[in-house]
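Chemist: Protein chains in written order, with numbering that gives the first Met the number 0: chain A, 0 to 307; chain B, 0 to 1007. Built from N, CA and C at the ideal position, the CB exists for glycine as well. Values in this document were obtained by computation on a predicted structure and should not be read as measured data.
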Amino acid sequence: MSKRVPVLVLRAAGINCDEETMHCWRLAGAEPSLMHVNALLDYPKKLDEFTILTIPGGFAYGDDIAAGVILAQKIQHRLADTLTRFVDRGGGIFGICNGFQVLVKMGLLPGGDFGRDQVTLTNNNSSHFEARWVRLQVCTIKCPFVGEVQSLKFEIQREGTRQQGNEATSETPKNRKVENSELEIADRPIDNRHSTIENFLELPVEHAEGQIVTTSEATTRRLFERGQVALRYVDAAGQSDRYPANPNGSVAGIAGLCDSTGRVFGLMPHPDRHFDHTQHPQWTRRNSEGPPDGLRIFLNAVRYWKDA
Amino acid sequence: MIQQVDRHVDYWCVIIRSHVSASDAHARDKLADICGAGFNSITAVRFSKIYMFSGLLSESDIRLIAGDLLTDPVVELSEHFDGFSRRSGSETAIEVHPLPGVMNPPALSVKEAAQELLGSAGRTSARVDEVQTARRYEISGAKSADELESIAARVLANDCVEKWYIQGLGRDDAIPDHSPEPPSHPFKLRRVRIVDLSDARLAELSRSAHLFLSLDEMIAIREQFKRLGRDPSDLELETLAQTWSEHCVHKTLKSEVAYRGEDFGVDGEVEAHFDNLLKDTIAAATRKLNREWCLSVFVDNAGVIAFDDEIGIAFKVETHNHPSAIEPYGGAATGVGGCIRDIMGCGLGAKPIASTDVFCLARPEFESQRVPSGVLHPARVLKGVVSGVRDYGNRMGIPTVNGAIFFDDRYLANPLVFCGCVGLIPRNRIEKGARAGDLIIVAGGRTGRDGIHGATFSSAELTDQHADEFSHAVQIGNAIEEKKVLDALLIARDHTNGCLYSAVTDCGAGGLSSAVGEMGADVGAIVELEKVPLKYAGLRYDEIWISEAQERMVFAVPPSNLESFKKVFRAENVEATVIGQFTDDRMLRIRFNHTSVGELDMGFLHSGLPKSARVAMWSRSSKCEVQSSMSETTRQQGSKATSSNVDVLTIRRFDVLQSTDNASLLAALRSLNVASKEWVIRQYDNEVQGRSVIKSLVGPGFGPSDAAVLRPLYTSYRGIALACGLCPELGEIDPYWMAIHAVDEALRNVICVGADPMRVAILDNFCWPKVDTEEAMGSLVRACRGAHDAAMAYGLPFISGKDSLNNEFSMSEAESRRTGLSPRIAIPPTLLISALGIVEDVRRCVSMDLKKPDSVLVLASCEPAVRESDTRSSPQVASIGFDLAGAVNVHHRVAKLIADRHVLSAHDVSDGGLAVALAEMCIAGGLGVRVELSDARIAASIFESKPCTYVFEMKAEAARDCGFPVIGKVKSEPIFRLSTGKGDSIALDVSELAAAWRSPLAKGANKS
């Protein structure tokens, strides 16, 4: 039996999605540990024991000043080098909602030559908190967190190696009993070729500062060209510019970004709130099979890093 | 030298402006609010954030802070100035500053973050002593400084907690150049002369000192101190006033009552005697029902029922009416925060997993000119309370899953804000008790002057002077502080060495005075007030003792656990301080710097309150008088509204639309109490923690769910359903039936989603006007008895409750003439019933959106109990009375059909009647219906709310022998068709229904 992927889930004053994020990692077959950011700041070497760092959603330090700023500052000043080394040696960083805001405010996303002064997350266009489910389109093939969705059509490019679509086909999702879906998924390999979703995911957004703003159209274009736009909001017709399908007014409907390696990934929607079919707002009127959309993101990551 | 260029200044001001319109949503929002409030000439608003620093900071320090911390380089620009008062430009502007001492969480965060930033940048000599924040609005299009003044007062700021400065148009208000010092008082023990006062002087003292105690209570205190041979200290008197306040002990509901008048649910007159009204009605029902799954009822901060063998569910609903009337944002936020602390302080601590919120407000369209002085416009109240609930609940990471908004103009001056919270508690953590020798620890936020007199204030009647007199009772919350306390509390509760404390309670109304007084009631306590950590120096001893500063909990910690306890709290950055010790002499001793400032006998404090005896009566004739005096305001409003605009009418049970036609259905859907509350719901996080199963808005068309369902444990599909019932409009007819209807509605709502009706617990929240007459007392008695009878008939134990009386407002004669309102405005008697039901398997839950074309619609109802005598004397009572035994049968049969998975969608027939229920199901599911009502009685009342009535969708073959009549079919074509035997009909596109239903509150509270 292969070793479980060790995941560190950060906690801080005001982070409030740590419980469900931990649960998702467990369901996905990883081995998550919860740690207060103060403990990590005191002992950064601890990060060496992990493969994926997760910053969950919430209102870290009240989101006073602006969402994510205070936690971003804490991490940046004391852990910047540690995190760079962590990504360089193949680790993944995953920011959900507030965690995404932290990664953007730190400059880790989009990262590289995109400076902190080119891309930001700011107040929703509606000026207030928005809670609704959105439809997301996967826009990249380089991000292992959303890779599964693409693996039907593309082979995942990993640095230095080429990974074929997962060969394991021990059991197709159709054979799973819906009743036990969430409790049993953890130990099963996911068979991409039987995936019921193609390029789209449905997840809830719940935030007040999720609008992506860039300094120019050229910056936005560059993000797309480099495959760093991981997810965008789309309506049923595939359009990204209309409210409420685009819940916050993000430029080009950008909902999630990855860095140039694809291993640092953040998104405003909450995959951690869609790990069971009964969480989908329409579950009472449809039959759902296979892992729920949110859990797929965690499963993808585990599958990718299990062999890393 | 570089140092010469780098100026060191004690005070700096940083101004941050957005330069990208995309991110200046706040300014756009405020512009809409300003125009919505009638200032139509305003053309633009620009917004800037202001941070004021005092300390030892060089210009390069402040540049670093502004650049790296405060400014988002993509969308913002910053400027900095020395001193607080300098600003660039000469714009016309309003600048809003929090009053000194008001909680300001961003200021605290910025101070900490700035200090940390300076430290990590190696600037060790720099020091940040204090940070203040302000908001600046540059306004274009204002005609005069007076107009700016009223924009500030009515839209941008609240003078209870904020101060504003106006610049331009001839005004140039001086902004102080540095932060003011809070007032400081040298210690002086003050005694209040009472022992030799006459009765008249006692009554006067109660009023002038804002004690709100009755003469009998004042006499009891005088006699006690006569026995002790001394006068009380001000602190002792305050402690008694807080502990004996209506808010804390519910003395009206617990009084001895002699009732005579109309019987309860049967014809005739009756005389009844209650030793203790609450105990003999509501609590008696729980006792008689004796359900083994009720684990803790009426004894703790919340009621607890069993969820499974290991876990209990705690539920509490509180009101925060008076503070929300004066400062809606802060009032609602601290209401949420307080109720969450009730859950945290239940047993040895429960983990909050969901919140509920119910508001009763006047119409947002209420004419601005007729709002009395001292009252905020209802549109502003609505926006404020929604924002308050949103910001506190969302920040705490607790989903707001269920609620209601009820509009009636009688709530104009007394808006009601009910905040509920549900928590999970291990069954072996329910028992608690402070033991002699345990240390008293206060943990969480620091103590300041905020919230002084909250308990007595909430027990008083509001007047147009209250905003001034009681502004100190109003507070702003700090949710992140409370979240940290919660994190620490749960770690200490579940510590590997066992729970580290023997008792915990929240610091709510009455502050330390109530918390320590209650925890130590059976043992005794010594408190040393100088040890309490303060926000700023200079508080008097009595201010420390009764301050209701938020986000504090009090723990009883055995000395052997002190170190472990402090370690846990330190790791979470939560201050935890020993302030005294529990003793064994049943005395409450309070000291300040080794001087005794109070010594009260716990027995007298908790049992010395003289029991009040009340006379209550209720008859149809007297009721009419009470009714007319209570609702004079609405009568005027109502008739006005009818003549001008049918949309704003409160269409609930008795404003029945007579005709069966398209216009009536659209009007019903547009009425505020029916219309979609989506604008509110979408601002609440209702999925954080990942427990949500049935959400507030369901189906592709976002219809209104009857109840919320959650899955408390990730490892099990067992769930809970939460819902409420509220029918204040029936209180005018008969509070007895009003209470029964509210219980019935709450039960129906949880049954609709799939709760087991044998496992439903309920909570009561009474909000009444003044209860100073026999008739008013009679209305309370009838509601209590109705609640009791419904609970007994349906088998629903009450597990917790709360009341808020004196919800009245009085104004001067002149103000009454100016507004055309009666000089006293009383709320209608309002009883909120909240229901908590167990769902065996959430995968069997049902939502209210129509599911499948060609399935059939079934109507389940019970017979009204029409009695000859009722019909003769009061047709209205006849129409609201019903047979409870028959109703039980219907509830249980419907629940069985749902449990057996025969039902595809279900909805209760309440506001707007059968027609609206069906329309909502169409809207939610995006499907149509064809309904034929051959039964003339049903056809005649399709807009009437009915007790014990459901409409649901079943497959045709299953419906054949379900025992309830089929009234129609679901159609794939999205058209609503309803016809009656008489040939009347409604035919409307579902999109038209949806548009009508969404229109009234689509843009929130902004008036058009």
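Between the Cα of K1002 of chain B and those of B:G698, B:V950, B:L858, B:K676, spot the shortest distance and give me the residue it belongs to.
Modeler: As a position in the second sequence, residue 1002 of chain B is number 1003, starting the count at 1. Answer by Cα proximity: B:K676.
Chemist: Taking the alpha helix (DSSP H) that G777 of chain B falls in, what are its first and last residues?
Modeler: Here residue 777 of chain B is taken as the residue at index 778 of the second sequence, counted from 1. Looking at the DSSP string, the run of the alpha helix (DSSP H) that includes G777 of chain B is 773-793.
Chemist: To test your reading of the DSSP string, which unbroken alpha helix (DSSP H) runs of 4 or more residues are found completely within the region 874-907 of chain B?
Modeler: Those alpha helix (DSSP H) runs which fall completely within the region 874-907 of chain B and span 4+ residues are 874-879, 883-898.
Chemist: With DSSP run on the structure shown, which of helix, strand or coil describes C257 of chain A?
Modeler: Working through the first sequence from its first residue, we reach residue 257 of chain A at position 258. Strand.
Chemist: Identify which residue in B:D521, B:N661, B:S563, B:G436 has its Cα closest to the Cα of T495 of chain B.
Modeler: The count along the second sequence starts at 1 and reaches residue 495 of chain B at position 496. Ranking B:D521, B:N661, B:S563, B:G436 by Cα distance to T495 of chain B puts B:S563 first.
Chemist: With a threshold of 7 Å (Cβ to nearest heavy atom), would V577 of chain B be considered close to the ligand GDP?
Modeler: This structure lacks the ligand GDP; in fact it carries no ligand of any kind.
Chemist: My parser needs the beta strand (DSSP E) runs of 3 or more residues fully inside the region 108-165 of chain B; what are they?
Modeler: Counting whole runs of 3 or more residues, the region 108-165 of chain B contains the beta strand (DSSP E) stretches 126-139.
Chemist: Below 8 Å on the Cβ atoms is my guess for V708 of chain B versus V679 of chain B; work out the distance and round it to an integer in Å.
Modeler: In the second sequence, counting from the first residue as 1, residue 708 of chain B sits at position 709. In the second sequence, counting from the first residue as 1, residue 679 of chain B sits at position 680. Going by Cβ atoms, the distance from V708 of chain B to V679 of chain B rounds to 20 Å, so no, they are not a contact pair.
Chemist: Whose Cβ in chain A lies nearer than 8 Å to the Cβ of V697 of chain B?
Modeler: Working through the second sequence from its first residue, we reach residue 697 of chain B at position 698. What V697 of chain B touches in chain A: P280, T283.
Chemist: Any contact of the region 682-694 of chain B with the region 397-404 of chain B, i.e. 3+ C-beta pairs under 8 Å?
Modeler: Taking 8 Å as the limit for Cβ pairs, the verdict is that the region 397-404 of chain B does touch the region 682-694 of chain B.
Chemist: Work out the CA separation of A825 of chain B and I832 of chain B for me, nearest whole Å.
Modeler: As a first step, residue 832 of chain B must be located in the second sequence, where it is residue number 833. As a first step, residue 825 of chain B must be located in the second sequence, where it is residue number 826. The alpha-carbon atoms of I832 of chain B and A825 of chain B are separated by roughly 21 Å.
Chemist: Under 9 Å Cβ-Cβ, which residues of chain B neighbour C138 of chain A?
Modeler: On the first sequence, residue 138 of chain A is found 139 positions in, with the first residue counted as 1. None at all; the shortest Cβ gap to chain B is about 21 Å.
Chemist: If I follow the unbroken beta strand (DSSP E) through C418 of chain B, where does it start and stop?
Modeler: Locating residue 418 of chain B in the second sequence gives position 419, where the first residue counts as 1. Per DSSP, C418 of chain B belongs to the beta strand (DSSP E) from 415-425.
Chemist: Can you give me the Cβ contacts of L883 of chain B inside the same chain, cut-off strictly under 8 Å, excluding the 5 residues immediately before and after it?
Modeler: Locating residue 883 of chain B in the second sequence gives position 884, counting from the first residue. G264, I739, D788, A789, A792, Y793, listed in sequence order.
Chemist: Spell out whether any CB of chain A is found under 8 Å from the CB atom of V109 of chain B.
Modeler: As a first step, residue 109 of chain B must be located in the second sequence, where it is residue number 110. Taking Cβ atoms only, chain A reaches closer than 8 Å to V109 of chain B, which makes this a yes.
Chemist: Return the CA-CA distance between I95 of chain A and V233 of chain A, expressed in angstroms with no decimal places.
Modeler: Numbered from its first residue, the first sequence carries residue 95 of chain A at position 96. Numbered from its first residue, the first sequence carries residue 233 of chain A at position 234. Computed Cα separation, rounded: 19 Å.
Chemist: Taking the runs of the alpha helix (DSSP H) that are 4 residues or longer, which of them lie wholly in the region 267-314 of chain B?
Modeler: If we require 4 residues or more, the alpha helix (DSSP H) runs fully inside the region 267-314 of chain B come out as 276-279, 281-288.
Chemist: With distances taken from CA atoms, which of B:R340, B:Y50, B:T333 is nearest D299 of chain B?
Modeler: On the second sequence, residue 299 of chain B is found 300 positions in, with the first residue counted as 1. Measuring from the Cα of D299 of chain B, the nearest candidate turns out to be B:R340.
Chemist: If you compare alpha carbons, which of A:C257, A:K305, A:D240, A:S259 is closest to V250 of chain A?
Modeler: To locate residue 250 of chain A, count along the first sequence from 1; it is residue 251. With distances taken between Cα atoms, V250 of chain A lies closest to A:D240.
Chemist: Taking I1089 of chain B as the query, report the chain A residues whose CB atoms sit under 9 Å from its CB, ordered along the chain.
Modeler: The question about residue 1089 of chain B has no answer here: the residues shown for chain B are numbered 0 through 1007.
Chemist: Taking the continuous beta strand (DSSP E) assigned at N401 of chain B, which residues delimit it?
Modeler: For this step, residue 401 of chain B is matched to residue 402 along the second sequence. Run containing N401 of chain B: 399-406, per the beta strand (DSSP E) assignment.
Chemist: In chain B, what lies closer than 7 Å to A65 of chain A by C-beta?
Modeler: The residue labelled residue 65 of chain A in the question sits at position 66 within the first sequence. Within chain B, the residues near A65 of chain A are D71.
Chemist: Taking just the CA atoms, how far does S984 of chain B sit from L977 of chain B?
Modeler: Start at 1 with the first residue of the second sequence, and residue 977 of chain B comes out as number 978. Start at 1 with the first residue of the second sequence, and residue 984 of chain B comes out as number 985. Going from the Cα of L977 of chain B to the Cα of S984 of chain B covers about 5 Å.
Chemist: Check the Cβ of M395 of chain B against every Cβ in chain A and list those closer than 8 Å, keeping chain order.
Modeler: Walking along the second sequence from the start, residue 395 of chain B turns up at place 396. Within chain A, the residues near M395 of chain B are N15.
Chemist: Check L849 of chain B in the structure and name its three-state DSSP category.
Modeler: Stepping through the second sequence from its first residue, residue 849 of chain B is reached at position 850. DSSP places L849 of chain B in coil when its eight states are reduced to three.
Chemist: Kindly say whether L423 of chain B, judged by its beta-carbon, lies nearer than 8 Å to any beta-carbon of chain E.
Modeler: This model lacks chain E altogether, as its protein chains are A and B.
Chemist: Please report the straight-line C-alpha distance between T83 of chain A and E480 of chain B, rounded to a whole angstrom.
Modeler: Here residue 83 of chain A is taken as the residue at index 84 of the first sequence, counted from 1. Here residue 480 of chain B is taken as the residue at index 481 of the second sequence, counted from 1. When rounded, the distance between both Cα atoms is 32 Å.
Chemist: What do you get for P203 of chain A, buried or exposed, if any count of 16 or more other CB atoms within 10 angstroms of its CB means buried?
Modeler: For the purposes of this step, residue 203 of chain A is taken as residue 204 along the first sequence, with counting starting at 1. By the 10 Å Cβ count, P203 of chain A comes out buried.
Chemist: N764 of chain B lies in the beta strand (DSSP E); which residues open and close that run?
Modeler: Looking up residue 764 of chain B in the second sequence gives position 765. Residues 759-766.
Chemist: Could you say if the region 535-555 of chain B and the region 182-202 of chain B meet the contact criterion of at least three C-beta pairs nearer than 8 Å?
Modeler: Touching, yes.
Chemist: Quick test of your reading: Y328 of chain B and G267 of chain B, contact by CB under 8 Å. State the CB separation rounded to the nearest angstrom.
Modeler: Reading the second sequence from its first residue, position 329 is the one you call residue 328 of chain B. Reading the second sequence from its first residue, position 268 is the one you call residue 267 of chain B. About 50 Å; that fails the 8 Å criterion.
Chemist: Closer than 7 Å, Cβ to Cβ, to anything on chain A: give me those residues from the region 23-39 of chain B, in chain order.
Modeler: Correct list: A24, H25, R27, D28.
Chemist: Below 8 Å between beta carbons is the criterion; list the residues of the region 684-695 of chain B that meet it against any residue of chain A, in chain order.
Modeler: Going along the region 684-695 of chain B in chain order, one finds D684, N685, E686, V687, Q688, G689, S691, V692, I693, K694 with a Cβ nearer than 8 Å to chain A.
Chemist: Could you name the residues of the same chain whose beta carbon sits closer than 8 Å to that of N560 of chain B, not counting the 5 residues immediately before and after it, in chain order?
Modeler: Residue 560 of chain B sits at position 561 when you count from the first residue of the second sequence. Around N560 of chain B: N496, L499, Y500.
Chemist: Output needed for G100 of chain B: all residues of its chain with C-beta closer than 8 Å, excluding positions within five of it in sequence on either side, in chain order.
Modeler: Along the second sequence, read from residue 1 onward, the residue named residue 100 of chain B stands at position 101. Only P181, G447, R448, D449, K534, Y535 meet the Cβ criterion.
Chemist: Taking the continuous alpha helix (DSSP H) assigned at G336 of chain B, which residues delimit it?
Modeler: In the second sequence, the residue the question calls residue 336 of chain B occupies position 337. Here the alpha helix (DSSP H) through G336 of chain B covers 327-343.
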